[in-house]
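Just so we're aligned, residue 2 is where the sequence shown starts under our numbering, counting upward by one. Don't be surprised by glycine CBs; every beta carbon is placed ideally from N, CA and C. Down below is the structure, laid out as structure tokens.
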Amino acid sequence: MWRLIAAILFAVLLAGCAQKSAFVDLVDGPCTGAQVALVDKHISGQINALTKRDWKLAYSFASSGFQAKVGVDDFSYIITAQYSMLIENQGFRFNNCSVANSSITQEVSVTSGGKVYDLSYNLSVIESSLGVESAVVTKADSKLSVA
């Protein structure tokens, strides 16, 4: 029994170390495979929480810097007023991920209401903790249908 507990604890510690090591030394250029996986998981977690209108959970994916400036009530207002495509999305996919000046940019395409919205997410890493700083809609196109 103790061996099982020890094995589980070891696995948890390794998983924690893997996340930290992916962001220890950010080098400008394309994201590494490990960074892409963690960034995609982080943004997916926030979008899925928004879809469920779980404001507190979605807010927890924001950076500590963002949270210091914007409360959860203002966060929910901003999302509802300006980012309804995230709440009512029918799917999303990840595009380019890059690092510049110790900041991560992840491009995400979101399908909602017959349109495809391209968003640019800016994430920070503070003490190996990933957080969403902002998301900006860079393009909104009508969804093309193929006959």
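Hey, would you say V73 sits closer than 8 Å to K57, going by beta carbons?
yes
*Alpha carbon to alpha carbon, how far is I88 from S45? Give it in angstroms, no decimals.*
12 Å
message: Please tell me whether, using a cut-off of 7 Å, the distance from the CB of T112 to the nearest non-hydrogen atom of the ligand MN is below it.
response: The model depicted lacks the ligand MN and carries no ligand whatsoever.
To the nearest whole angstrom, what separates the beta carbons of E134 and G66, a pair I think is in contact under 8 Å? 7 Å
Assess, as a yes-or-no matter, whether the region 97 to 104 is touched by the region 69 to 83 under the definition of 3 or more beta carbon pairs within less than 8 Å. no
What does the Cβ neighbour count give for S64, buried or exposed, with the cut at 16 atoms within 10 Å?
buried
- request: Quick one: using the 10 Å Cβ neighbour count with 16 as the cut-off for buried, is V25 buried or exposed?
  value: exposed
Between G92 and A141, what straight-line distance do the alpha-carbon atoms span, to the nearest angstrom?
15 Å
Item to complete: Would you decide whether I105 is buried or exposed? Buried here means 16 or more other CB atoms lie within 10 Å of its CB.
Response: buried
Closest to Y122 by C-alpha separation, out of E128, V137, I79, G114, would be which residue? V137
Taking the alpha carbon of K116 as the reference point, which residue from L131, M86, L51, L124 has its own alpha carbon closest?
M86
Query - Beta-carbon proximity check, S110 vs D119, cutoff 8 Å - result: yes
Beta-bridge pairing of Y122 - partner residues as DSSP gives them:
Q107, A136
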